[in-house]
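Q:
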Amino acid sequence: MQNVIDYFVSRRSSVYVATIDASKALDRVDHNVLFHKLIKRGAPCCFVSILCNWYSKLFSCVRWNGVLSSFFNVKCGVRQGGILSPFLFNVYVDELIESLRISGFGCYIGDSFFGCIMYADDLLLLSPSLSGIQHMMGLCSEYAKVHCLVYNVKKTCCTVIGKQRPVNAQLFLEQQVVTWTDRFRYLGIDFNCKDTVEVDVAAVRKSFYAACNNIIAKSRGVMEPVAVQLVKSYCLPLLVYCVGALRLTSSAIRQLSVCWNDAFRKIFNFKRFESVRTLQIEFGSIDFQHLYDLYRWVFLKSIGSKCVYWSKFVSMLNIQFHICDDLFDKYVVKTGFNCSFKACVREHCRYM
């Protein structure tokens with residue numbers, strides 16, 4: 237998303253973004269429509285028959301004031317948390333993505349379509365024109381009517397990135413006006429939108445400090461290595477959530493680095509501006525700048541090696557694929573860190 241937006245903004249084009257929230261989409265999957273789609277895609281008949289048998293035996297009841305109603309057959313929905321559920325839902329909504337792609341609207345780079353990003357039931361639409369984003373939202377509304385999906389317009393928002401901004405323009409989803417905003421949230425990440433799109437780390441810092449203070453307060457009297465391990469296990473994931481897929485600004489990296497350093501200062505009673513980098517290395521960790529580089533490297537390496545389509549896109553945008561030796565040359569040889577730092581980097585690479 238960030239790369240696509242930068243591609244258009246750098247060429248003096250604005251990008252309209254719509255985040256569409258589908259209410260309980262997994263629970264609204266029509267079984268008959270799903271089985272028809274599976275057969276249409278050439279799924280083995282024996283496999284479809286097994287699914288039909290399983291889902292025909294789903295029954296439920298209502299409890300009210302300790303009294304149970306009679307059981308009734310459940311004819312829609314896939315089990316959340318089930319192994320097959322994400323794949324079945326992908327099949328259910330695949331025609332929506334295909335209809336958006338062949339519509340001719342949305343963001344294209346060359347002949348590659350990047351106007352729709354969908355993870356589970358969270359849908360993100362990208363278009364370089366206002367009419368295009370409206371047409372795509374209309375296609376989503378039409379698909380929802382046929383496939384029993386309902387969009388939560390109150391949680392749906394639109395924004396525009398770039399210098400050209402609409403004046404008094406209205407967008408509609410299911411005949412309801414969609415709210416304009418300068419920030420949006422997608423998959424737990426907050427983004428600020430003006431002339432470009434940037435990650436807002438304020439909520440991340442707040443949740444990290446809350447979790448860190450809670451753990452440190454409850455671990456008073458324990459040995460420092462134990463406190464460090466608790467912070468690494470329960471607080472660090474909040475700080476590095478999805479960070480490999482994000483392009484952070486230097487300001488955001490500094491703010492998150494301060495958070496990570498403050499955790500060690502709190503544990504070892506260091507003063508506010510005392511350096512804890514050597515302390516982090518001695519306790520088997522590395523500073524946030526290197527953590528960010530490692531997570532980013534692993535993410536880019538994984539999508540480049542597993543998907544030819546994405547590797548072509550990444551290459552087109554001139555994103556460098558770094559290997560572990562490049563990181564060592566950049567951060568170990570030039571900065572003169574010792575072997576303990578190398579061991580920490582290798583240890584993080586092994587577990588990522």
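FYI, in my numbering the residues of the sequence shown are 237 to 588.
C-beta: ideal position from N, C-alpha, C; glycine also.
Remember, predicted model here, so these are calculated numbers, not experimental data.
Please check the pair H352 and G340, which I expect to be a contact at CB under 8 Å, by giving their CB distance rounded to whole angstroms.
A: In the sequence as presented, His is not what sits at residue 352; that position holds Cys. Actually they are not in contact, since the Cβ atoms of C352 and G340 sit about 13 Å apart, beyond 8 Å.
Q: Around the C-beta of A258, are 16 or more other C-beta atoms found within 10 angstroms, so that it is buried, or is it exposed?
A: It is buried - the Cβ of A258 has at least 16 other Cβ atoms within 10 Å.
Q: Could you name the residues of the same chain whose beta carbon sits closer than 6 Å to that of T395, not counting the 5 residues immediately before and after it, in chain order?
A: So the list reads V253, T417, F420 and C429, once near-sequence residues are dropped.
Q: What do you reckon, are the CB atoms on L304 and V314 nearer than 8 Å?
A: Cβ distance not < 8 Å, so L304 and V314 don't count as in contact.
Q: Kindly give me the distance between the Cβ atoms of Y477 and I451, rounded to whole angstroms, as I take these residues to be in contact under 8 Å.
A: Contact doesn't hold; Cβ gap of about 17 Å is too wide.
Q: Got a sec, what are the start and stop residues for the beta strand (DSSP E) S445 sits in?
A: It is Tyr, not Ser, that sits at residue 445 in the sequence shown. Premise fails: Y445 lies in the alpha helix (DSSP H), A438 to K454, not in any beta strand (DSSP E).
Q: Give me the Cα-Cα distance between W300 and S306, rounded to the nearest whole angstrom.
A: Cα to Cα, the separation comes out at about 12 Å.
Q: Are the beta-carbon atoms belonging to R264 and V327 less than 8 Å from one another?
A: Not in contact: R264 and V327 (Cβ atoms no closer than 8 Å).
Q: In this structure, how does DSSP classify Q412 when only helix, strand and coil are distinguished?
A: Q412 falls in the strand class under three-state DSSP.
Q: Looking only at its own chain, which residues have a Cβ that is under 8 Å from the Cβ of L563, when we skip the five neighbours before and after it?
A: Below a pLDDT of 50, predicted positions are generally treated as unreliable, and L563, at 49, falls in that range; no measurement from the model is reported.
Q: Fully enclosed by the stretch 294 to 375, which alpha helix (DSSP H) runs are 4 residues long or longer?
A: As far as the stretch 294 to 375 is concerned, its whole alpha helix (DSSP H) runs of at least 4 residues are 321 to 338.
Q: May I ask you to list the residues that DSSP assigns as paired with I428?
A: One point to set straight first is that residue 428 is Asn, not Ile, in the sequence displayed. According to DSSP, which records beta bridges pairwise, N428 is partnered with R419 and E434.
Q: Mind checking who I256 pairs with in its DSSP beta bridge?
A: DSSP, once it has assigned bridges, lists L359 as partnering I256.
Q: Over the uninterrupted alpha helix (DSSP H) stretch that includes V479, give me the two end residues.
A: Element bounds for V479: n/a, residue is neither H nor E.
Q: Provide the residue span of the beta strand (DSSP E) that contains I397, from first to last.
A: It spans C393 to I397 - the beta strand (DSSP E) in which I397 sits, taken as one unbroken run.
Q: Pick helix, strand or coil for S551, following the three-state DSSP scheme.
A: Because S551 sits at a pLDDT of 49, beneath the cut-off of 50, its placement in the model cannot be relied upon, and the following sentence gives the value as read from the coordinates. The answer is helix: DSSP assigns S551 an H, G or I state.
Q: Taking the Cβ atom as the reference point for each residue, do P461 and F519 lie within a distance shorter than 8 Å?
A: Yes, the Cβ-Cβ distance between P461 and F519 is below 8 Å.
Q: Looking at C288 and F308, is the spacing between their C-beta atoms short of 8 Å?
A: Their beta carbons are not under 8 Å apart, which means F308 does not touch C288 by this criterion.
Q: Please confirm whether any heavy atom of the ligand HEM lies closer than 7 Å to the CB of F444.
A: Judged by which ligands are present, the structure shown has none, so any question about the ligand HEM falls away.
Q: Is DSSP giving V251 helix, strand or coil here?
A: In the structure shown, V251 sits in a strand (DSSP, three-state: E or B).
Q: Starting from Q516 and walking both ways along the alpha helix (DSSP H), at which residues does that stretch end?
A: Run containing Q516: R513 to E518, per the alpha helix (DSSP H) assignment.
Q: By Cβ distance, which residues of its chain are closer than 7 Å to V433, with the 5 residues on each side in sequence left out?
A: Cβ neighbours of V433 beyond the five flanking positions: Q238, I241, I397 and F427.
Q: Using three-state DSSP, classify C560 as helix, strand or coil.
A: In this predicted model, C560 has a pLDDT of only 45, less than 50, meaning its place in the structure is not dependable; the value taken from the coordinates is given anyway. In the structure shown, C560 sits in a helix (DSSP, three-state: H, G or I).
Q: With 16 as the cutoff for other CB atoms within 10 Å, does A380 come out buried or exposed?
A: Result: buried.
Q: What are the partner residues of D529, as DSSP defines its beta bridges?
A: Answer is none; D529 lacks a bridge partner.
Q: Which class does D498 belong to by DSSP, given the choice of helix, strand or coil?
A: D498 falls in the helix class under three-state DSSP.
Q: If we count the other Cβ atoms within 10 Å of its Cβ and call it buried at 16 or more, is I522 buried or exposed?
A: Burial call: buried.
Q: Tell me where the alpha helix (DSSP H) around Y387 begins and ends.
A: Here Y387 belongs to no alpha helix (DSSP H), and DSSP marks it neither H nor E.
Q: In chain order, what residues of the same chain lie with their CB nearer than 7 Å to the CB of L262, ignoring the 5 residues before and after it?
A: Result list for L262: G313, V314, Q316, S321, F325 and D357, in chain order.
Q: Less than 7 Å between C-beta atoms, sequence neighbours within five positions excluded: which residues of the same chain meet that for L483?
A: Per the sequence shown, the amino acid found at residue 483 is Arg instead of Leu. Excluding sequence neighbours, R483 sits near Q238.
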